[in-house]
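Asks: Just so you know, the sequences run in chain order A and B. Numbered continuously in UniProt numbering, the first sequence closes out at residue 305. Numbered continuously in UniProt numbering, the second sequence closes out at residue 305. Ideal placement from N, C-alpha and C gives every residue a C-beta, glycine not left out. Just so we're clear, the structure is a prediction, and the values are computed from it rather than from any experiment. Below is one structure. I have some questions about it.
There are 2 protein chains.
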Amino acid sequence: MAGALSSIIHANPRARAFSTSNPNHPLLSRRPTALAMSTTDQSYWSSIHADIETHLKQAIPIRPPLVVFEPMHHLTFIAPQTSAPALCIAACELVGGHRDQAMAAASALRLMHASASTHENLPLTDRPNTRQTVDHTFGPNIELLIADGMISFGFELVAQTNDPDQNNSVRVLQAIIEISRAMGSQGVMEGQYNESQYGESDGKKLFHAAWLHNVCKKKEGALHACAGACGAILGGGSEEEIEKLRRYGLYVGMIQGIFNRFERNEWSWKEVNELRDLALKELKDFNQAKVKTISRLVETKLCNV
Amino acid sequence: MAGALSSIIHANPRARAFSTSNPNHPLLSRRPTALAMSTTDQSYWSSIHADIETHLKQAIPIRPPLVVFEPMHHLTFIAPQTSAPALCIAACELVGGHRDQAMAAASALRLMHASASTHENLPLTDRPNTRQTVDHTFGPNIELLIADGMISFGFELVAQTNDPDQNNSVRVLQAIIEISRAMGSQGVMEGQYNESQYGESDGKKLFHAAWLHNVCKKKEGALHACAGACGAILGGGSEEEIEKLRRYGLYVGMIQGIFNRFERNEWSWKEVNELRDLALKELKDFNQAKVKTISRLVETKLCNV
Chain A
1 MAGALSSIIH ANPRARAFST SNPNHPLLSR RPTALAMSTT DQSYWSSIHA
51 DIETHLKQAI PIRPPLVVFE PMHHLTFIAP QTSAPALCIA ACELVGGHRD
101 QAMAAASALR LMHASASTHE NLPLTDRPNT RQTVDHTFGP NIELLIADGM
151 ISFGFELVAQ TNDPDQNNSV RVLQAIIEIS RAMGSQGVME GQYNESQYGE
201 SDGKKLFHAA WLHNVCKKKE GALHACAGAC GAILGGGSEE EIEKLRRYGL
251 YVGMIQGIFN RFERNEWSWK EVNELRDLAL KELKDFNQAK VKTISRLVET
301 KLCNV
Chain B
1 MAGALSSIIH ANPRARAFST SNPNHPLLSR RPTALAMSTT DQSYWSSIHA
51 DIETHLKQAI PIRPPLVVFE PMHHLTFIAP QTSAPALCIA ACELVGGHRD
101 QAMAAASALR LMHASASTHE NLPLTDRPNT RQTVDHTFGP NIELLIADGM
151 ISFGFELVAQ TNDPDQNNSV RVLQAIIEIS RAMGSQGVME GQYNESQYGE
201 SDGKKLFHAA WLHNVCKKKE GALHACAGAC GAILGGGSEE EIEKLRRYGL
251 YVGMIQGIFN RFERNEWSWK EVNELRDLAL KELKDFNQAK VKTISRLVET
301 KLCNV
C-alpha cells in the first residue's frame, strides 16, 4: 500500500456516512451482482443478524419510562448497520465458542455504532445542516442524551454476561477493555474527529489518500478489529487466535471504509485487493472448513470484479 | 416527605447547572460559614480529592494525538465537581478496603460526570444558547466527540483494575454494571432528560416539587448511590453494607440536588433534614469511629443552620 499512500485523490463526499450495508452481505452490498455467496453462507449470516436483532429487541423493550426507551429502541434499529457485530459472532464460533458467548458483545457493538452514528448526525450550532438526509423522529436533545445512554447500556449488556458457571469474568473484562478502546479516544472517536475535518472542508478540498486511509483504519477498522478480537476472546480463543482475528477484522473494516469513501477506480481496487490478501493470510491457520464462511467478508470474486 | 411532594414551588433557575461544590467540602460549600469540619476531616476529604486528581492526571496525560487528549484533559478538569467520586473512596475505606481498590471507579465517576456536564451544555440547534456561562475553549463538535470518548474511557479505567492476585474480576464487573446503570437510561440520563423539560419552559413555569424531586433522585441521587455502592463493592463489603452505602449515597445526592435547585426556605430545609436523618440511619451499624468522617457529607450542624 506504500505507493498508494502518497496518492492524492478526490475523496468521495459519502465519506461522512456510516456504511449502509445489507446485513446479509455485510461488506459489499453496493455491488450485488458480484455476489456469489452460497445459500449456506447467506443463511449463516442471516441467522447471525436475526439472532442479534432478537437479542437487542429483548434488551430494549418499549417500556416505561417511554421518554427513554422509545427513542433508544428507535435510534438503535434505525441506524445504518455495520458488519462488525456479525463478525464478532463469527469469530467466536470460529475459535470453537458458542454464539451465546459473544451475543452481548455483538449487541453492544451494534448499540455503540448506532450511538456514534446518531451523534455524528447531530445538528450542532457549528454544523446545523448535518442531518439533511437522516431520519430524525426525535429532537436533537433527545438524540444527544439517548445516544449517551446507549454507550453505557452497551457496557452493561456485556458486563452482565459474567457467569460463575463459565468462570468467564476475566474474558468479559477483556472484552470490555477492547470495546472501550475501539469506541474511544484512539479508535472510532479519533476517526470521527479526523473525518469531521473533511466535513468542514465542504467536500471541495483534495485530501491525501494516506489521511483518509487513517480514518478508515480508526473508524471501520478499529470497530471490526475489536469485533474479531472480542469474538475470539469470548469464544475462548488463544492469544494467537485473538490477534489473528483482530488483524482480520482490521482489514475487513478498512476495506469497508475504503468502499464507503473512495470512488471505485484502479487505485481503490488495488488497495482493497492488497487488504483482502492480508486478511486471508490471517485465516490460514484456522480450520479451513470453518474458515470458508467468515472469509466471505473479503470474498475474492467480489474484490476482483 | 409526603407532604412536601404535593407542594408547588418556584424552581430555582440554577437547576440545570451541575453542582459546583468545593471539593474539600463537597456538599455544602455554598454555606461556608456553617462548616464546622475538623482539621482531620478536612484533611481526609482533601487527600481523597488530591489522590483522584493525581490518578486522573496520570490516566489522561497530554500526549498524541493532541487533538484528542488535549480537549479530554481540559474538559475533565474544567467541569464542575461532584462529591460522588470522593464518596466512592470513603465508602470503600469504611468497609475496610484500601483506597487504591476504588480509585479507578472514583476517577471514572468524575470523568463521566464531566462528560454529562459537557453534553448538558452543548449548543444544539434546538438550544443554541445553552452555554452562555460555561467555559468553551473547544468547539461543539469536539465537545460532543470527546465527551463520548470520556464515557468509554471511564469504563476502560475500571475494567483495567482486574487483578488476578486480588481475584477481583467479579467485583470489578459488578462496579461496571452499577456505573452503567447510574449513568444510563434510568439514572443520570433520565434525570437530564426530565430536567431539560424544565429548561424548555424557560424558567417561567411553576413546577411540582415532586417532579423536580425525582430529577434530584435520578441525577445527583443515582450518581451518589452508585458511588456508595461501588466503593463498598470494590472494598469487599457485604451485600448488606453495599445496600446501606447505596442508600446513604442516594440521600446525600438528593440533598445536594435539592440545594442545587431549590431556594433555601422552610420547605427545602425540612426536606433536607428528613433526608439527612434517613442517611444517618444507614450508617448506624458501621464502626462508629470510622463513620464520623463519611457522615460529614450530611453534617447535622450544616443542615440545621
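Is it buried or exposed, B:D285, if we count other Cβ atoms within 10 angstroms and call 16 or more buried?
Replies: Position 285 of the second sequence, counted from the start, is the residue given in the question as residue 285 of chain B. The residue is exposed, with fewer than 16 neighbouring Cβ atoms inside 10 Å.
Asks: Note the first and the last residue of the continuous alpha helix (DSSP H) segment covering A:F153.
Replies: For the purposes of this step, residue 153 of chain A is taken as residue 153 along the first sequence, with counting starting at 1. A:F153 -> alpha helix (DSSP H) spans P140 to A159.
Asks: Checking contacts by CB at 7 Å: is A:N168 closer than that to chain B?
Replies: Looking up residue 168 of chain A in the first sequence gives position 168. Judged by the 7 Å Cβ criterion, A:N168 is not in contact with chain B.
Asks: As a quick exercise: from A:P123, A:N141, A:S107 and A:P71, pick the residue whose alpha carbon is nearest that of A:S83.
Replies: Residue mapping note: residue 83 of chain A aligns to position 83 of the first sequence, counting from 1. Each of A:P123, A:N141, A:S107 and A:P71 was checked against the Cα of A:S83, and the nearest Cα belongs to A:S107.
Asks: Can you tell me which of B:S38, B:D51, B:V68 and B:A90 puts its alpha carbon nearest to the alpha carbon of residue 317 of chain B?
Replies: Residue 317 of chain B lies beyond the stretch modelled for chain B, which goes from 1 to 305, so this question has no answer here.
Asks: Can you confirm whether B:L173, when its beta carbon is compared against all beta carbons of chain A, has any partner nearer than 7 Å?
Replies: The count along the second sequence starts at 1 and reaches residue 173 of chain B at position 173. Yes - at least one Cβ of chain A is within 7 Å of the one on B:L173.
Asks: Would you please verify whether the beta carbon of A:L280 is less than 7 Å from any beta carbon of chain B?
Replies: For the purposes of this step, residue 280 of chain A is taken as residue 280 along the first sequence, with counting starting at 1. So no, A:L280 is outside the interface.
Asks: Closer than 8 Å, Cβ to Cβ, to anything on chain A: give me those residues from the region 221 to 247 of chain B, in chain order.
Replies: none
Asks: Quick check on B:S117 - is its C-beta less than 7 Å from some C-beta in chain A?
Replies: Stepping through the second sequence from its first residue, residue 117 of chain B is reached at position 117. With 7 Å as the cut-off, B:S117 does not count as an interface residue toward chain A.
Asks: Under three-state DSSP, which class holds A:T82?
Replies: As a working mapping, residue 82 of chain A is identified with position 82 in the first sequence. Coil, per DSSP.
Asks: Find the residues of chain B that neighbour A:E141, judging by a C-beta separation of less than 7 Å, and give them in chain order.
Replies: Counting from 1 along the first sequence, the entry for residue 141 of chain A is found at position 141. The amino acid at residue 141 of chain A is misidentified as Glu; the sequence shows Asn. Those are L124, D126, R127 and S196, listed as they occur along chain B.
Asks: Does DSSP put A:T293 in a helix, a strand or coil?
Replies: In the first sequence, residue 293 of chain A corresponds to position 293, counting from 1. Helix.
Asks: Note down the Cα distance separating A:Q58 from B:S180, rounded to an integer number of angstroms.
Replies: Position 58 of the first sequence holds residue 58 of chain A. Position 180 of the second sequence holds residue 180 of chain B. Going by the C-alpha atoms only, they are around 18 Å apart.
Asks: Closer than 8 Å by beta-carbon distance: list the chain B residues that pair up with A:I89, in chain order.
Replies: Counting from one through the first sequence, the residue named residue 89 of chain A turns up at place 89. The contacting residues do not exist; A:I89 stays about 21 Å from chain B at best.
Asks: Any C-beta of chain A sitting closer than 7 Å to the C-beta of B:V291?
Replies: Taking the second sequence and counting its residues from 1, one reaches residue 291 of chain B at position 291. B:V291 does not count as touching chain A.
Asks: Anything in chain A within Cβ reach of B:Q58, meaning under 8 Å, just list it in chain order.
Replies: Start at 1 with the first residue of the second sequence, and residue 58 of chain B comes out as number 58. Within chain A, no residue comes near B:Q58; the closest Cβ sits about 15 Å away, beyond 8 Å.
Asks: Mapping DSSP to helix, strand and coil, what is A:T137?
Replies: Within the first sequence, residue 137 of chain A is the residue found at index 137, counting from 1. Coil at A:T137, not helix or strand.
Asks: Suppose the cutoff is 7 Å on Cβ atoms and the five residues either side in sequence are ignored; what does the same chain contact list for A:A114 look like?
Replies: Locating residue 114 of chain A in the first sequence gives position 114, counting from the first residue. The answer, listed in chain order, is L75, T76, A79 and M150.
Asks: Would A:L173 and B:S169 be called neighbours here (beta carbons separated by less than 7 Å)?
Replies: Locating residue 173 of chain A in the first sequence gives position 173, where the first residue counts as 1. Locating residue 169 of chain B in the second sequence gives position 169, where the first residue counts as 1. Yes; because the gap between Cβ atoms is below 7 Å, this pair is in contact.
Asks: Taking the beta carbon of B:K270 as the centre, do at least 16 other beta carbons fall within 10 Å, making it buried, or is it exposed?
Replies: Stepping through the second sequence from its first residue, residue 270 of chain B is reached at position 270. Label assigned to B:K270: exposed.
Asks: Under 8 Å by Cβ, that's how I've got A:L144 and B:H119 pegged, so tell me the actual separation to the nearest angstrom.
Replies: Along the first sequence, one-based indexing puts residue 144 of chain A at 144. Along the second sequence, one-based indexing puts residue 119 of chain B at 119. Rounded, the Cβ-Cβ distance is 6 Å, consistent with contact.
Asks: Confirm, please, whether the CB-CB distance from B:L234 to B:C92 is below 7 Å.
Replies: Counting from one through the second sequence, the residue named residue 92 of chain B turns up at place 92. Counting from one through the second sequence, the residue named residue 234 of chain B turns up at place 234. Going by beta carbons, B:C92 and B:L234 fall inside the 7 Å limit.
Asks: Check this for me: beta carbons of A:C216 and A:G257, under 7 Å apart or not?
Replies: Stepping through the first sequence from its first residue, residue 216 of chain A is reached at position 216. Stepping through the first sequence from its first residue, residue 257 of chain A is reached at position 257. A:C216 places its beta carbon less than 7 Å from that of A:G257.
Asks: Would you identify the three-state DSSP class for B:K284, choosing helix, strand or coil?
Replies: Here the question's residue 284 of chain B lines up with position 284 in the second sequence. The DSSP-derived three-state label of B:K284 is coil.
Asks: Verify the CB distance criterion: does A:V298 have a CB-CB separation below 7 Å to chain B?
Replies: Residue 298 of chain A sits at position 298 when you count from the first residue of the first sequence. A:V298 does not count as touching chain B.
Asks: Could you give the C-beta distance for A:A289 and A:P85, rounded to a whole number, given that I count them as a contact under 8 Å?
Replies: On the first sequence, position 289 is the one that residue 289 of chain A refers to. On the first sequence, position 85 is the one that residue 85 of chain A refers to. That pair is no contact at about 24 Å.
Asks: Looking at the structure shown, is A:D41 part of a helix, part of a strand, or coil, going by DSSP?
Replies: As a first step, residue 41 of chain A must be located in the first sequence, where it is residue number 41. Three-state result, A:D41: helix.
Asks: In or out: B:R261 buried (at least 16 other Cβ within 10 Å) or exposed?
Replies: Your numbering for residue 261 of chain B matches position 261 in the second sequence. Answer is buried; the Cβ neighbour count reaches 16.
Asks: With 7 Å set as the bound, which would you pick, yes or no: does the beta-carbon of A:A159 sit closer than that to a beta-carbon of chain B?
Replies: Position 159 of the first sequence holds residue 159 of chain A. Closer than 7 Å to some Cβ of chain B, the Cβ of A:A159 qualifies, so yes.
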